[in-house]
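Chemist: Those protein sequence lines, which keep their order, are chains A and B.
Residues 1 to 273 in my numbering are what the first sequence spells out, letter by letter.
Residues 1001 to 1181 in my numbering are what the second sequence spells out, letter by letter.
Even for Gly, the Cβ is constructed at its ideal location relative to N, Cα and C.
Structure provided below as structure tokens; questions to follow.
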Amino acid sequence: MQETIFALDNVHYAYLGKFPALCGIDMQVKRGEKIAIVGANGTGKSTLLHLLDALIFPDKGNIKAFGTELDEASLNKEEFCKYFRSRVGFIFQNPDVQLFSPSVKEDIVFGPLQLGLEKEVIKSRLEELTCAFGIEDLLERPPHRLSTGEKRKVAIASVLISEPQVVILDEPTAGLDPATVRQIIDILIEYNEKGKTIITSTHDLHIVEEIADTVYLLNKEKKIACSLHPHDLLNNVDLLRENNLIHIHPHKHKDKIHAHPHLHLGDHHHEEI
Amino acid sequence: MPALFANITPGEPVFALKVFGASLIITRPGVLTFSLFVLRVATSVSFVVLLVLATRHTHLLKVLRVFKVPLIFVTVLSMCYRYIYLFVELIENTYLAIKSRSIGRLHYKKGQKVAVLSIANLWQRSFQLNEEVYSAMLSRGYSGEPLVMDEFKARPSDCLWLLFVLLFCGCIIYLNYIVKV
Chain A
1 MQETIFALDN
11 VHYAYLGKFP
21 ALCGIDMQVK
31 RGEKIAIVGA
41 NGTGKSTLLH
51 LLDALIFPDK
61 GNIKAFGTEL
71 DEASLNKEEF
81 CKYFRSRVGF
91 IFQNPDVQLF
101 SPSVKEDIVF
111 GPLQLGLEKE
121 VIKSRLEELT
131 CAFGIEDLLE
141 RPPHRLSTGE
151 KRKVAIASVL
161 ISEPQVVILD
171 EPTAGLDPAT
181 VRQIIDILIE
191 YNEKGKTIIT
201 STHDLHIVEE
211 IADTVYLLNK
221 EKKIACSLHP
231 HDLLNNVDLL
241 RENNLIHIHP
251 HKHKDKIHAH
261 PHLHLGDHHH
271 EEI
Chain B
1001 MPALFANITP
1011 GEPVFALKVF
1021 GASLIITRPG
1031 VLTFSLFVLR
1041 VATSVSFVVL
1051 LVLATRHTHL
1061 LKVLRVFKVP
1071 LIFVTVLSMC
1081 YRYIYLFVEL
1091 IENTYLAIKS
1101 RSIGRLHYKK
1111 GQKVAVLSIA
1121 NLWQRSFQLN
1131 EEVYSAMLSR
1141 GYSGEPLVMD
1151 EFKARPSDCL
1161 WLLFVLLFCG
1171 CIIYLNYIVK
1181 V
């Protein structure tokens, strides 16, 4: 039986105690799973990821990670904190938040240095990762001089260098060109094939089938509307429409202009309205 | 400036003027002291500018560590340097957004209001960013004391250059003693 990495039980969270962001989340994440969290803007995807990375803590309900309850008390214990941080990596939505060091190289090695990895191990992983990501030339450059795609790759490298068991990604492909999106997906798939757990929040339904075995859909009530296989979700047009994940606009097919709800996939759904 | 005048540096008068009945006399030793001071300041500033332009800021920050400046201070300084660029970009974008929605010249009162709102917005964004960056540091295992990879080692060419600089400085000091102006 697969080990449970995260177990969420009736988790509630509100910003400043009065703006609800999550209302009763139940969820289980097993080792080696690929999970996607989808939902319209403001449904609490990022908040859920921040909770999973123990950057914030639930107002009500509880979260268990690796069998231990995640709360301020447990994270204040140095031993557990180090254990948890070395096993869970978080890639923020805004790479500028994550790249705070004066050079790309220092940013990438920041995590493993804090976690106490041997310098020789860090150097060898750095070489391996930069080669795999094709960012060898960027190492001495300051992060603010990089393009968005480069920043995103560096941010992912800065987390993967610690080889965490779980990687949490907040909209990793937002605003990237198709080639960079492809490269990032390939990296994530390869990482998952090593037995690591991947949890991704995204709006991008193109990539869901590749990066997830299970998709959790968050609705406007800030609850999990359902958890489905990606194929089942993508075929459920009513559910997608209800949750603002597909839209209607006129477009052309050969010489015929018509409007119907569709996904922007290569082979989109044709359900005439 | 006061060093120019006879009250501070007495000596042979070069120039005299009267201001509200009081006489101000500029002396020859005063002019020499003033010129020496200005030249020293200009030289120091030039060297600092040259150093900043010719050396990567990452190396300058590492040099601070060599001089035993506390790591937390160097880290804060490096992060300030890093995020200044982000804020400059933010200010530029805010300015362009205002410009794209303004017709003609703004009345100065309106301009003041816009400037105040922009400053408030920048403050709010920087506060938000500060929290997010701290979360990103925590997420990667930061526990209050930043650790860095110290790979800054002197190479033979650096030692040769240092030797040359020391000799050069030694020669200047020696010449300063034997050649009297």
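So with CB distances below 9 Å, who are the chain A contacts of B/Gly1141?
Modeler: As a position in the second sequence, residue 1141 of chain B is number 141, starting the count at 1. Here the neighbours are Cys81, Lys82, Arg85, Ser86, Phe110, Gly111, Pro112, Leu113, Gln114, Leu115, Gly116 and Ser162.
Chemist: Do A/Ser201 and A/Ile37 have their beta-carbon atoms positioned less than 8 Å apart in this structure?
Modeler: Translated into the one-based positions of the first sequence, residue 37 of chain A becomes position 37. Translated into the one-based positions of the first sequence, residue 201 of chain A becomes position 201. Cβ distance < 8 Å, so A/Ile37 and A/Ser201 count as in contact.
Chemist: With three or more C-beta pairs closer than 8 Å as the rule, is the region 123-135 of chain A touching the region 202-209 of chain A?
Modeler: The region 202-209 of chain A vs the region 123-135 of chain A: no contact.
Chemist: Taking 8 Å as the threshold (C-beta atoms), are A/Ala65 and A/Leu245 in contact?
Modeler: Against the first sequence, residue 245 of chain A aligns to sequence position 245. Against the first sequence, residue 65 of chain A aligns to sequence position 65. Not a contact, by the Cβ cut-off of 8 Å.
Chemist: Which same chain residues end up closer than 8 Å to A/Gly266 when comparing Cβ atoms and leaving out the 5 residues on each side of it in sequence?
Modeler: Within the first sequence, the letter at position 266 stands for residue 266 of chain A. At A/Gly266, the pLDDT of 47 sits below 50, so the modelled position is not reliable; the number obtained from the coordinates is stated separately. Excluding positions up to five away in sequence, the list is empty.
Chemist: Suppose you measure from the CA of A/Val104 to the CA of A/Pro95; what does that come to, to the nearest Å?
Modeler: Locating residue 104 of chain A in the first sequence gives position 104, counting from the first residue. Locating residue 95 of chain A in the first sequence gives position 95, counting from the first residue. Between A/Val104 and A/Pro95, the C-alpha separation is close to 12 Å.
Chemist: Within 8 Å, do at least three Cβ pairs link the region 1109-1125 of chain B to the region 1018-1037 of chain B?
Modeler: No, the region 1018-1037 of chain B does not touch the region 1109-1125 of chain B.
Chemist: Looking at the C-beta of B/Ala1042, does it have a partner C-beta in chain A at a distance below 8 Å?
Modeler: Reading the second sequence from its first residue, position 42 is the one you call residue 1042 of chain B. Not an interface residue.
Chemist: Whole-angstrom Cβ separation of A/Leu138 and A/Glu150, contact assumed at under 8 Å?
Modeler: As a working note, residue 138 of chain A is residue 138 in the first sequence. As a working note, residue 150 of chain A is residue 150 in the first sequence. Yes, they are in contact, since the Cβ atoms of A/Leu138 and A/Glu150 sit about 6 Å apart, within 8 Å.
Chemist: In chain order, what residues of the same chain lie with their CB nearer than 7 Å to the CB of A/Tyr15, ignoring the 5 residues before and after it?
Modeler: Walking along the first sequence from the start, residue 15 of chain A turns up at place 15. Correct list, in chain order: Ala21.
Chemist: Going by other Cβ atoms of all chains shown within 10 Å of its Cβ, with 16 needed for buried, is A/Gln183 buried or exposed?
Modeler: The count along the first sequence starts at 1 and reaches residue 183 of chain A at position 183. It is buried - the Cβ of A/Gln183 has at least 16 other Cβ atoms within 10 Å.
Chemist: Please identify the residue among A/Ala174, A/Pro142 and A/Pro172 whose C-alpha is closest to the C-alpha of B/Ile1084.
Modeler: In the second sequence, the residue the question calls residue 1084 of chain B occupies position 84. Of the listed residues, the one whose Cα sits closest to B/Ile1084 is A/Pro142.
Chemist: Go through its chain and collect everything with a Cβ distance to A/Asn62's Cβ below 6 Å, but skip five positions before and after it.
Modeler: Taking the first residue of the first sequence as 1, we reach residue 62 of chain A at position 62. Within the same chain, A/Asn62 has close Cβ partners Asp9 and Glu69.
Chemist: How many angstroms separate the CA atom of B/Met1149 from the CA atom of A/Asn219?
Modeler: Counted from its first residue, the second sequence places residue 1149 of chain B at position 149. Counted from its first residue, the first sequence places residue 219 of chain A at position 219. Rounded to the nearest angstrom, the two C-alpha atoms are 45 Å apart.
Chemist: Below 7 Å between beta carbons is the criterion; list the residues of the region 1076-1108 of chain B that meet it against any residue of chain A, in chain order.
Modeler: So the list reads Ser1078, Met1079, Tyr1081, Arg1082, Tyr1085 and Leu1086, given in the order they occur along the chain.
Chemist: Is B/Thr1009 close to chain A, meaning its C-beta is less than 8 Å from at least one C-beta of that chain?
Modeler: In the second sequence, residue 1009 of chain B corresponds to position 9, counting from 1. It does not; no Cβ of chain A falls within 8 Å.
Chemist: Could you tell me the distance, in whole angstroms, from the CA atom of B/Trp1161 to the CA atom of A/Lys77?
Modeler: Locating residue 1161 of chain B in the second sequence gives position 161, counting from the first residue. Locating residue 77 of chain A in the first sequence gives position 77, counting from the first residue. Cα to Cα, the separation comes out at about 49 Å.
Chemist: Cβ closer than 7 Å: which chain B residues qualify as neighbours of A/Lys119?
Modeler: Sequence index remark: in the first sequence, residue 119 of chain A carries index 119 (1-based). Under the 7 Å cutoff, chain B gives Met1149.
Chemist: When burial is assigned at 16 or more other CB atoms within 10 Å of the CB, is A/Glu221 buried or exposed?
Modeler: Mapped onto the first sequence, residue 221 of chain A falls at position 221. Burial call: exposed.
Chemist: Measure how close the beta-carbons of A/Glu210 and A/Ile187 come, nearest whole angstrom, since I'm counting them as under 8 Å.
Modeler: On the first sequence, position 210 is the one that residue 210 of chain A refers to. On the first sequence, position 187 is the one that residue 187 of chain A refers to. Contact doesn't hold; Cβ gap of about 12 Å is too wide.
Chemist: Which of helix, strand or coil does DSSP assign to B/Met1137?
Modeler: As a first step, residue 1137 of chain B is located in the second sequence; it is residue number 137 there, counting from the start. The answer is helix: DSSP assigns B/Met1137 an H, G or I state.
Chemist: Quick one: is B/Lys1099 buried, meaning 16 or more other Cβ sit within 10 Å of its Cβ, or exposed?
Modeler: Residue 1099 of chain B sits at position 99 when you count from the first residue of the second sequence. Answer is exposed; the Cβ neighbour count stays below 16.
Chemist: Can you give me the C-alpha to C-alpha distance between A/Ile199 and B/Val1041, rounded to a whole angstrom?
Modeler: As a working mapping, residue 199 of chain A is identified with position 199 in the first sequence. As a working mapping, residue 1041 of chain B is identified with position 41 in the second sequence. The straight-line gap from Cα to Cα measures roughly 58 Å.
Chemist: State yes or no: is the C-beta of A/Ser162 within less than 8 Å of the C-beta of A/Gly116?
Modeler: Within the first sequence, the letter at position 162 stands for residue 162 of chain A. Within the first sequence, the letter at position 116 stands for residue 116 of chain A. No, the Cβ-Cβ distance between A/Ser162 and A/Gly116 is not below 8 Å.
Chemist: Go through its chain and collect everything with a Cβ distance to A/Val215's Cβ below 8 Å, but skip five positions before and after it.
Modeler: By 1-based counting over the first sequence, the position of residue 215 of chain A is 215. Excluding residues within five positions, the ones whose Cβ falls inside 8 Å are Ile35, Ala36, Ile37, Val38, Val208, Ser227, Leu228, His229, Pro230 and Leu233.
Chemist: Please tell me whether B/Val1133 has its Cβ less than 8 Å away from any Cβ of chain A.
Modeler: Here residue 1133 of chain B refers to the residue found at position 133 of the second sequence. So yes, B/Val1133 belongs to the interface.
Chemist: Compare the C-beta of A/His229 against all C-beta atoms of chain B and say whether one is closer than 8 Å.
Modeler: Position 229 of the first sequence, counted from the start, is the residue given in the question as residue 229 of chain A. False, the Cβ-Cβ gap to chain B never drops below 8 Å.
Chemist: What does DSSP give as the partner residues of A/Phe19 in its beta bridges?
Modeler: As a position in the first sequence, residue 19 of chain A is number 19, starting the count at 1. A/Phe19 pairs with A/Tyr15.
Chemist: Is the region 1086-1100 of chain B in contact with the region 1044-1063 of chain B, if contact means three or more CB pairs nearer than 8 Å?
Modeler: No, because fewer than three Cβ pairs between the region 1086-1100 of chain B and the region 1044-1063 of chain B fall closer than 8 Å, the two stretches do not touch.
Chemist: On a CA-only basis, which of A/Thr4, A/Ile168 and A/His12 is nearest A/Gly67? Give me that one, please.
Modeler: Locating residue 67 of chain A in the first sequence gives position 67, where the first residue counts as 1. A/Gly67 has its Cα closest to that of A/Thr4, out of A/Thr4, A/Ile168 and A/His12.
Chemist: Excluding five sequence neighbours on each side, which residues of the same chain lie with their C-beta closer than 6 Å to the C-beta of B/Ser1139?
Modeler: Working through the second sequence from its first residue, we reach residue 1139 of chain B at position 139. Hits under 6 Å: none found.
Chemist: On the premise that A/Phe80 lies in contact with A/Ser86, defined as a C-beta separation below 8 Å, what is that separation, rounded to the nearest angstrom?
Modeler: The sequence position of residue 86 of chain A within the first sequence is 86, counting from 1. The sequence position of residue 80 of chain A within the first sequence is 80, counting from 1. Not quite, the Cβ-Cβ distance comes to about 11 Å (not below 8 Å), so this is no contact.
Chemist: Alpha carbon to alpha carbon, what distance is there between B/Phe1015 and B/Val1088?
Modeler: Walking along the second sequence from the start, residue 1088 of chain B turns up at place 88. Walking along the second sequence from the start, residue 1015 of chain B turns up at place 15. Looking at the two C-alpha atoms, the distance is approximately 48 Å.
Chemist: From A/Gly175 to B/Arg1105, what distance separates their C-alpha atoms?
Modeler: As a position in the first sequence, residue 175 of chain A is number 175, starting the count at 1. As a position in the second sequence, residue 1105 of chain B is number 105, starting the count at 1. When rounded, the distance between both Cα atoms is 35 Å.
Chemist: Apart from the five residues on each side of it in sequence, which residues of its chain come closer than 8 Å, Cβ to Cβ, to A/Pro112?
Modeler: As a first step, residue 112 of chain A is located in the first sequence; it is residue number 112 there, counting from the start. So the qualifying residues of the chain are Val121, Ile122, Arg125, Ile161 and Ser162.
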